[in-house]
Amino acid sequence: MDKLKATLEKIKPIDTSSLDATQLRLDNLTKPKESLGRLEEFAKRIVAITGRRNPSLAKKVIITMAGDHGVTEEGVSAYPSAVTAQMVYNFLRGGAGVNVLSRHVGAEVVVVDMGVGEELEAHPDLIIKKIAKGTQNFAKGPAMTREQAIKSIETGIEIVEKIIKEKGVDIIGTGEMGIGNTTPSSAIAAVFTGKPIQDVTGRGTGIDDATYIRKVNVIQKAIEVNKPNPKDPIDVLAKVGGFEIGGLVGVTLAGVANKIPVVIDGFISTAAGLIAVEMKPEVKDYIFSAHASVEIGQRWILERMGLTPILNLNMRLGEGTGAALAMSMIDAGVKILNEMASFDEAGVSREK
-15 MDKLKATLEK IKPIDTSSLD ATQLRLDNLT KPKESLGRLE EFAKRIVAIT
35 GRRNPSLAKK VIITMAGDHG VTEEGVSAYP SAVTAQMVYN FLRGGAGVNV
85 LSRHVGAEVV VVDMGVGEEL EAHPDLIIKK IAKGTQNFAK GPAMTREQAI
135 KSIETGIEIV EKIIKEKGVD IIGTGEMGIG NTTPSSAIAA VFTGKPIQDV
185 TGRGTGIDDA TYIRKVNVIQ KAIEVNKPNP KDPIDVLAKV GGFEIGGLVG
235 VTLAGVANKI PVVIDGFIST AAGLIAVEMK PEVKDYIFSA HASVEIGQRW
285 ILERMGLTPI LNLNMRLGEG TGAALAMSMI DAGVKILNEM ASFDEAGVSR
335 EK
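Going by our numbering, the residue at position 25 of the sequence shown is 9; the numbering climbs one at a time, nothing skipped.
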């Protein structure tokens, strides 16, 4: 708990005074004012987050965390839990969607076992931080203990701190893998937003109508059984969350504490981002929503956080795929700020 407390205390509001100054710089570039839309917004926010007048986002990292979920025994997913471990090996071979898109944008993928249901083979690119072999079935009781929830968050913090110390990082993307993890994410969304469970629950891996109804009922039961307290984010994580979700909460908090922008991916990463924001509201100004997920619950979480997704590509894969693509858009905005000529430099006449 000491590491978590210290990290939360380290988080400060962004430097809003730099927003106007950066906009003035952007307005002096060879273009009509604000004609590059959200790219200009990204540049301003990166300056405010990092405190650097000419920031660089050269070192991009996607942290993809994996964990299994006891609730899958209720039949809420179209895939068996064994797929979680199989996909981790796919990540390590470089064959998953997140690997392809990360290579495309020049990002490194860091793979972490936070709670996969089986023992994974050692691999030089795999960080094994298993809290347990999957969470408990939260339809019958808490997904994890409060101590495990805190440990999962602090593990995420430690991983980011290690990356910063060993090789540095300019921007972090969050990704995940865990069969069944849209179920805890929908539960988290329902608890914090107060929306009806049907309004925050989607089809996950593509479940049929009968499975969808069962999924909604399981989430309803879990909330009734566990009574997670929305005023206590750790309680919510412990009762209806997941180890990879907790890890991503820690990743988000650690990035923010070190003035590093964090790009949250789809529904599950957004649920983790919400827990981080509920713990420390200032976090919101440091994070970017990568894309609008097909999963309907994400919309209500983003509304609560006041974030607008960068992309809308009808994606719902997770892994950090959307975060990788969005990073390239944010980087484009920063490069406009740093590399585009001003009117004076280019000898171009200004508007009258």
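From the three backbone atoms N, C-alpha and C, an ideal C-beta is built for every residue, glycine too.
Would you mind sorting residue i into buried or exposed? The rule is 16 or more other CB atoms within 10 Å of its CB.
i: E138; result: buried
i: E323; result: exposed
i: S1; result: exposed
i: M(-15); result: exposed
i: V84; result: exposed
i: P39; result: buried
i: L8; result: exposed
i: P217; result: buried
i: G239; result: buried
i: R29; result: buried
i: S326; result: exposed
i: D192; result: exposed
i: D328; result: exposed
i: G159; result: buried
i: D4; result: exposed
Compute the Euclidean distance between the alpha carbons of residue i and residue j, then round it to the nearest angstrom.
i: D52; j: D11; result: 49 Å
i: K146; j: K(-4); result: 21 Å
i: E279; j: S19; result: 31 Å
i: G162; j: Q182; result: 21 Å
i: V200; j: T292; result: 26 Å
i: E266; j: E287; result: 16 Å
i: I47; j: S333; result: 46 Å
i: R348; j: V31; result: In the structure as shown, the chain starts at -15 and stops at 336, and residue 348 therefore has no counterpart that could be examined.
i: K268; j: L301; result: 23 Å
i: I(-2); j: I197; result: 43 Å
i: E335; j: D154; result: 36 Å
i: S170; j: T185; result: 5 Å
i: V(-10); j: K264; result: Checking the sequence, you will find Ala at residue -10 rather than Val. Looking at the two C-alpha atoms, the distance is approximately 12 Å.
i: G225; j: E303; result: 17 Å
i: G164; j: Q70; result: 15 Å
i: V261; j: T305; result: 22 Å
i: G118; j: I111; result: 16 Å
i: P108; j: E92; result: 14 Å
i: Q282; j: A255; result: 8 Å
i: F176; j: P214; result: 5 Å
i: Y73; j: T14; result: 48 Å
Residue i: beta carbon under 7 Å from a heavy atom of the ligand NAP?
i: E105; result: This structure lacks the ligand NAP, and indeed carries no ligand of any kind.
Would you list the one or two residues that DSSP bridges to residue i?
i: S326; result: L13
i: S273; result: I248
i: K264; result: Note: K264 sits in no beta bridge, so no partner.
i: L295; result: H275
i: E92; result: V45
i: G99; result: G51
Is the region 195 to 204 touching the region 22 to 31, taking contact as three or more C-beta pairs under 8 Å?
-> no
For the 8 Å Cβ check, are there 3 or more pairs between the region 125 to 135 and the region 76 to 89?
-> Three or more beta-carbon pairs separated by less than 8 Å are not found between the region 125 to 135 and the region 76 to 89, which leaves the two stretches without contact.
Counting only runs of 3+ residues fully inside the region 186 to 260, write out the beta strand (DSSP E) ranges in chain order.
-> Fully enclosed beta strand (DSSP E) runs of 3 or longer: 246 to 248.
Evaluate contact between the region 227 to 240 and the region 91 to 110, counting only Cβ atoms and requiring at least three cross-stretch pairs below 8 Å.
-> yes
For the 8 Å Cβ check, are there 3 or more pairs between the region 303 to 317 and the region 262 to 276?
-> yes
Continuous alpha helix (DSSP H) assignments of at least 4 residues falling wholly in the region 107 to 185 = 130 to 150, 166 to 177, 181 to 184
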